[in-house]
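Student: Questions regarding the structure given below will be posed in turn.
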Amino acid sequence: MIHVNIYPEKGGLLYNQLLKEKVLINNSFSINVGVKPNIGETLSINNLNVSNERLQKFLSRTHTLYFKVDDIIQSYLITEGDNGITVLDLKCTLIEKPF
22 MIHVNIYPEK GGLLYNQLLK EKVLINNSFS INVGVKPNIG ETLSINNLNV
72 SNERLQKFLS RTHTLYFKVD DIIQSYLITE GDNGITVLDL KCTLIEKPF
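If you count by this note's numbering, then the sequence shown holds residues 22 to 120, one letter each, in order.
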């Protein structure tokens with residue numbers, strides 16, 4: 022599993038809505054993905070594939086959000102015993118449609 026921190030564009034409509042709903046932590050929100058995303062790839066996020074309760078509630082009132090990955094800012098590994106969790110920070114752009 023890969024833990025991804027998504028940084029929406031500051032000052033944008035989505036950023037302001039997430040800030041108002043108190044979903045953002047350090048200007049980002051987090052999801053877990055099974056495969057490492059690549060720059061240029063589209064991520065789809067809905068209330069069924071997030072674990073944060075506030076983010077689930079927000080997404081249950083909206084449609085699926087699509088993001089284009091613009092940059093992988095940082096990656097590191099959290100280790101606990103023999104298990105490790107990869108953490109990626111992504112700079113993303115909200116897109117209306119995936120294609």
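Positions of the beta carbon are idealized from the N, C-alpha and C atoms, including for glycine.
Under a Cβ-count criterion, where at least 16 other Cβ atoms within 10 Å of its own Cβ denotes burial, should Leu40 be classed as buried or exposed?
Tutor: For the purposes of this step, residue 40 is identified with residue 19 of the sequence shown, where counting begins at 1. Answer is exposed; the Cβ neighbour count stays below 16.
Student: Identify every residue that forms a DSSP beta bridge with Gln95.
Tutor: Start at 1 with the first residue of the sequence shown, and residue 95 comes out as number 74. BP columns for Gln95 point to Asp110.
Student: Mapping DSSP to helix, strand and coil, what is Ser51?
Tutor: Your numbering for residue 51 matches position 30 in the sequence shown. Strand.
Student: Give the straight-line distance between the Cα atoms of Val54 and Val71, rounded to the nearest whole angstrom.
Tutor: Position 33 of the sequence shown, counted from the start, is the residue given in the question as residue 54. Position 50 of the sequence shown, counted from the start, is the residue given in the question as residue 71. Each residue's alpha carbon lies about 9 Å from the other.
Student: Would the segment 29-37 and the segment 57-74 be scored as touching if the rule is three or more Cβ pairs under 8 Å?
Tutor: With a cut-off of 8 Å, the segment 57-74 and the segment 29-37 do not count as touching, because too few Cβ pairs lie within range.
Student: To the nearest angstrom, report how far apart Met22 and Glu117 are at their CA atoms.
Tutor: For the purposes of this step, residue 22 is taken as residue 1 along the sequence shown, with counting starting at 1. For the purposes of this step, residue 117 is taken as residue 96 along the sequence shown, with counting starting at 1. Going from the Cα of Met22 to the Cα of Glu117 covers about 27 Å.
Student: Buried or exposed: which applies to Ile106, given that a residue is buried once 16 or more other Cβ atoms fall within 10 Å of its Cβ?
Tutor: Along the sequence shown, read from residue 1 onward, the residue named residue 106 stands at position 85. That one is exposed.
Student: If you scan the segment 28-76 from start to end, which runs of the alpha helix (DSSP H) of 4 or more residues do you find wholly inside it?
Tutor: Qualifying alpha helix (DSSP H) stretches, in chain order: 34-41.
Student: Closest to Arg82 by C-alpha separation, out of Val25, Gln38, Asn26, would be which residue?
Tutor: Position 61 of the sequence shown, counted from the start, is the residue given in the question as residue 82. Looking at the Cα atoms, Gln38 is the closest of the given residues.
Student: If we count the other Cβ atoms within 10 Å of its Cβ and call it buried at 16 or more, is Thr114 buried or exposed?
Tutor: Here residue 114 is taken as the residue at index 93 of the sequence shown, counted from 1. So Thr114 ends up on the exposed side.
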